[in-house]
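For the protein sequence lines, the chains are A and B, in the order given. Reading the first sequence from the start, the letters are residues 1 to 347 in the numbering used here. Reading the second sequence from the start, the letters are residues 348 to 671 in the numbering used here. Notes to accompany the following structure.
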Amino acid sequence: MSEAQQIPVTVLTGYLGSGKTTLLNRILSENHGRRYAVIVNEFGEIGIDNDLIVESDEEIYEMNNGCVCCTVRGDLIRVVEGLMRRPGRFDAILVETTGLADPAPVAQTFFMDDDVRSKTRLDAVVAMVDAKHLPLRLKDSREAEDQIAFADVVVLNKTDLVSADELREVEAAVRAINPSAKIHKTQRSGVALDEVLDRGAFDLKRALDNDPHFLEHEDHDHDHDHECGPDCGHDHHHHHHHGEASPIHDVSVQSISLRGGEMDPKKFFPWLEKTTQMDGPNILRLKGIIALKDDPDRYVVQGVHMLLEGDHQRAWKEDEKHESRLVFIGRDLDTERLKRTFEACQA
Amino acid sequence: MPTIAPLDLDGHCVTACWLGTVPHFALADGTVHRLDGGHKHVAAHDGLLAATPSLDGKKLIAGGEDGKVTVMAADGKVDIIAEMGRKWVSSVAAGPQGAIAYGSGRSAFVLMADGKTREFEHPRSVEGIAFAPKGLRIGIARYNGATLHFPAAQGKPTELEWAGAHMGITFSPDGNFVVTTMQENALHGWKLADGKHMRMTGYPAKVKSLSWGPRGRWLASSGAPAAIVWPFHSKDGPMGKAPLELGTRGDAMVTSVAFHPADEIVAIGYADGMVLAARCADQKEVLLRRPGKGAVSSLAWDAEGRRIAFGSEVGDCGVIDIAG
């Protein structure tokens, strides 16, 4: 099946009370020209009666391949397969996860199951964050942090409940966990729907074009774990302090930005393979644009734990510097080793 | 030469089967079509997920997205036998003495001949459900194995463990083996007498269609560019034996298989819509249908073994008459 016929899937994560249901109700009721099939864990709070809302028990299945981080959502495989037998009723699928859910199995389902993969494509992972309660959530749970680390889009909701200073701190915390996510600040889940739907964040050809400043920030010393990425909204600018760990970011996710020159493909690919095999359980997401020696095209890669996907994206433009950039978001990663071994792959 | 009576429908055919001598086609949209002196159809469900004929071949049991379980008679009359609200009924099975089993979420239900329904709750989702051939016994495919219950009796279920997600389940016709299809590209089997494991691996794709040969001597499966047919002649099943590969093609995967009711011949449906028949003894093949519009999703022989009802993922269904 061609890409055009693949149904886009948006994954919506977020803690109880973060505003997920409000956003979901907007997606189901507002006129945005798309019909959504929605897979929820509990039908309960959604006030809209719609045949395309499917209640499903969250079933995490470990794959029997010896890889502990290779998990899928078994119920999603079944529900997506069922939905896709009656195409034409909807244009896109939205998966709402429970508050405490790890987003990785959901995302991995769309990479690991051949049937699901042939009929659908993961569009983006959207994390709803309650600006007021995030500091507390980050203190008492790992899931809140994982959800932000995993997200392509973070909706910082309920900004009216915090002061300007608090909001700055919360935003800095999100940035520190995930420098490459787009952040939208909003109240009452009032984010523009086109900022969360149809993002193409997992589309290698598109994702990095939507994000032209991907990793193009000032080079920092690599002696600290957290680096802030660019603020990617093109029409608004925020101030954040590069490289300063946020005061409320007392958690374990780190992001490591690597950059180098042209890579020797004979060294780079085995290195990337080995790194993801070894550090896979600790790598939540990775994204990169790689300049390969003697290759006129940009090579883009992305990964979720041990799953890797890479493709040629487009030709390097004449005025573009042939350099390689790679960002890891994860835990307990050895920055020094990653940097050293990455740089050793240079041609 | 085989002849084909086409029936072009609009939508994914979940189950093609026979009620008596009438071919039936249950579509994912919930309509059930039949060729009974002309094309007739009934809306049984709003969204149909699973359907299977009763063992006496007189009724069609179906479960759907609408949370209903229905029984349809040969005249098209539909009875609702259960309603689960908003939960999908994703698997159904037909048992001896008219028993019906269905799965929804983490529960399996058995409606017995006396009209009583028993519910069996499980810690994980009921992925597949099947009846044993004799006695009133059901098997549930689940995460990390299978669970067997005797619905008519109290007592602890039998747990068969094997790491991984098990999606479909079937009992051998002699009741000696249980085989599951897995999320991985593999089958797993247990010999019930001693719990011995059988690993059947090497498939390039997920196995979605299984069919037992006459007297349970073979088990045919999809999931490869040939029908993979495991020998179950001996008391230990296929352990240490290589399967037959029937109807091997270089350019299309097998998506559906159905054994002839009396002879060791398998009807094989492919991803491009082609249907072949192949014989176990000499692996001889006969082309029954040229490629069509979509993958063959279901195949069923009539009781005489003379005609095959076939359904596809896009709706080009029909009946093949072997004798022409």
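Backbone N, C-alpha and C fix where the C-beta goes; we use that ideal spot for every residue, glycine too.
Run through the DSSP bridge pairs and tell me what residue i is partnered with.
i: Asn366/A; result: Residue 366/A is absent from the model: chain A starts at 1 and stops at 347.
i: Cys364/B; result: His371/B
i: Ile306/B; result: What is shown of chain B runs 348 to 671, which leaves residue 306/B out entirely.
i: Met545/B; result: Gly536/B
i: Tyr15/A; result: DSSP lists no partner for Tyr15/A.
i: Asp426/B; result: Val418/B
i: Arg381/B; result: His371/B, Lys387/B
i: Gln346/A; result: Met263/A
i: Leu507/B; result: Ala493/B
i: Trp559/B; result: Leu566/B
i: Lys406/B; result: Ala420/B
i: Phe703/B; result: A query on residue 703/B cannot be resolved here, the shown segment of chain B reaching from 348 to 671 and no further.
i: Trp577/B; result: Leu566/B
i: Phe518/B; result: Val525/B
i: Val304/A; result: Arg285/A, Leu307/A
i: Gly616/B; result: Ser603/B, Val622/B
i: Leu258/A; result: Leu326/A
Can the beta-carbon of residue i be found less than 7 Å from the beta-carbon of residue j?
i: Ala552/B; j: Gly536/B; result: no
i: Ile93/A; j: Val153/A; result: no
i: Phe606/B; j: Ser558/B; result: yes
i: His312/A; j: Asp294/A; result: no
i: Ala127/A; j: Ala104/A; result: no
i: Trp577/B; j: Pro561/B; result: no
i: Leu156/A; j: Lys132/A; result: no
i: Cys664/B; j: Phe456/B; result: no
i: Glu412/B; j: Gly432/B; result: no
i: Leu507/B; j: Ala488/B; result: no
i: Pro480/B; j: Gly522/B; result: yes
i: Thr97/A; j: Thr13/A; result: yes
i: Arg636/B; j: Ile667/B; result: yes
i: Thr378/B; j: Ala397/B; result: no
Which of the three DSSP states, helix, strand or coil, is assigned to residue i?
i: Ala477/B; result: strand
i: His222/A; result: Residue confidence for His222/A is low, a pLDDT of 33 falling below 50, so the modelled location carries little weight and cannot support an answer.
i: Lys20/A; result: helix
i: Gly482/B; result: coil
i: Met84/A; result: helix
i: Val116/A; result: helix
i: Glu30/A; result: coil
i: Ala491/B; result: Residue 491/B is actually Asn in this sequence, not Ala. It is a strand residue.
i: Ile667/B; result: strand
i: Trp413/A; result: Residue numbering for chain A in the displayed model covers 1 to 347; residue 413/A lies beyond these limits and cannot be assessed.
i: Asp51/A; result: coil
i: Val170/A; result: helix
i: Asp235/A; result: At Asp235/A the pLDDT is 35, less than 50, meaning the model places this residue with poor confidence; the figure from the coordinates comes in the next sentence. Coil.
i: Ala599/B; result: coil
i: Glu309/A; result: strand
i: Asp123/A; result: strand
i: His240/A; result: In this prediction, His240/A has a pLDDT of 39, which is less than 50 and means its spatial position is unreliable; what the coordinates show is noted afterwards. His240/A falls in the coil class under three-state DSSP.
i: Lys274/A; result: helix
i: Ala352/B; result: strand
i: His217/A; result: Here His217/A scores only 48 on pLDDT, less than 50, and its place in the model should not be relied on; the value that follows carries that caveat. Coil at His217/A, not helix or strand.
i: Asp357/B; result: coil
i: Lys139/A; result: helix
i: Glu611/B; result: coil
i: Thr10/A; result: strand
Does residue i get closer than 7 Å to chain C when you measure Cβ to Cβ?
i: Ser472/B; result: Absent from the structure: chain C. Protein chains present are A and B.
Exercise for review: Taking only beta carbons into account, state which residues of the segment 356-382 of chain B come closer than 8 Å to chain A, listed in chain order.
Suggested key: Gly358, His359, Val361, Ala375, Asp376
Exercise for review: Using a Cβ-Cβ cut-off of less than 8 Å, give me the residues of the segment 434-461 of chain B that come near chain A, in sequence order.
Suggested key: Lys434, Trp435, Ser437, Gly452, Arg453
Practice item. Please list the residues of the segment 519-542 of chain B that have a C-beta atom closer than 9 Å to any C-beta atom in chain A, keeping them in chain order. Key: Met529, Gln530, Glu531, Asn532, Ala533
Check your understanding: In chain order, what residues of the segment 105-119 of chain A put their CB closer than 8 Å to some CB of chain B?
Key -> Asp113, Asp114, Asp115
Exercise for review: For the segment 477-511 of chain B, enumerate the residues whose C-beta is nearer than 8 Å to any C-beta of chain A, in chain order.
Suggested key: Flagged, chain order: Tyr490, Ala510, Gly511.
Review point. Do three or more CB pairs link the segment 592-601 of chain B to the segment 528-544 of chain B at distances below 8 Å?
Key: With fewer than three CB-CB distances shorter than 8 Å, the segment 592-601 of chain B does not count as touching the segment 528-544 of chain B.
Exercise for review: May I ask you to verify whether the segment 321-332 of chain A touches the segment 360-379 of chain B, counting CB pairs closer than 8 Å and requiring at least 3?
Suggested key: no
Check your understanding: So, do the segment 283-293 of chain A and the segment 52-64 of chain A have three or more beta carbon pairs nearer to each other than 8 Å?
Key -> no
Check your understanding: Quick one, which residues of the segment 383-396 of chain B are near chain A if we go by CB-CB under 8 Å, in chain order?
Key -> Asp393, Gly394, Leu396
Point to revise | Residues in the segment 61-82 of chain A having any Cβ partner in chain B nearer than 8 Å | key: Tyr61, Glu62, Met63, Asn64, Asn65, Val72, Gly74, Asp75, Ile77, Arg78, Val79, Gly82
Review point. Can you find at least 3 beta carbon pairs, one from the segment 399-409 of chain B and one from the segment 450-470 of chain B, that sit closer than 8 Å?
Key: no
Check your understanding: Is the segment 646-654 of chain B touching the segment 606-615 of chain B, taking contact as three or more C-beta pairs under 8 Å?
Key -> yes
**Study point:** Segment contact flag, the segment 111-119 of chain A with the segment 67-87 of chain A, C-beta cutoff 8 Å, min 3 pairs
**Key:** yes
Practice item. Select from the segment 628-657 of chain B all residues with a C-beta closer than 8 Å to any C-beta belonging to chain A, and list them in chain order. Key: none
Practice item. Answer yes if the segment 26-37 of chain A comes into contact with the segment 139-150 of chain A, meaning at least three C-beta pairs across the two stretches below 8 Å, and no otherwise. Key: no
Point to revise | chain A contacts made by the segment 558-573 of chain B, where a contact means CB separation under 9 Å | key: none
Point to revise | Near-chain B residues of the segment 279-306 of chain A - C-beta to any C-beta below 8 Å | key: none
Review point. Counting pairs of Cβ atoms below 8 Å between the segment 461-470 of chain B and the segment 415-427 of chain B, do you hit three or more?
Key: no
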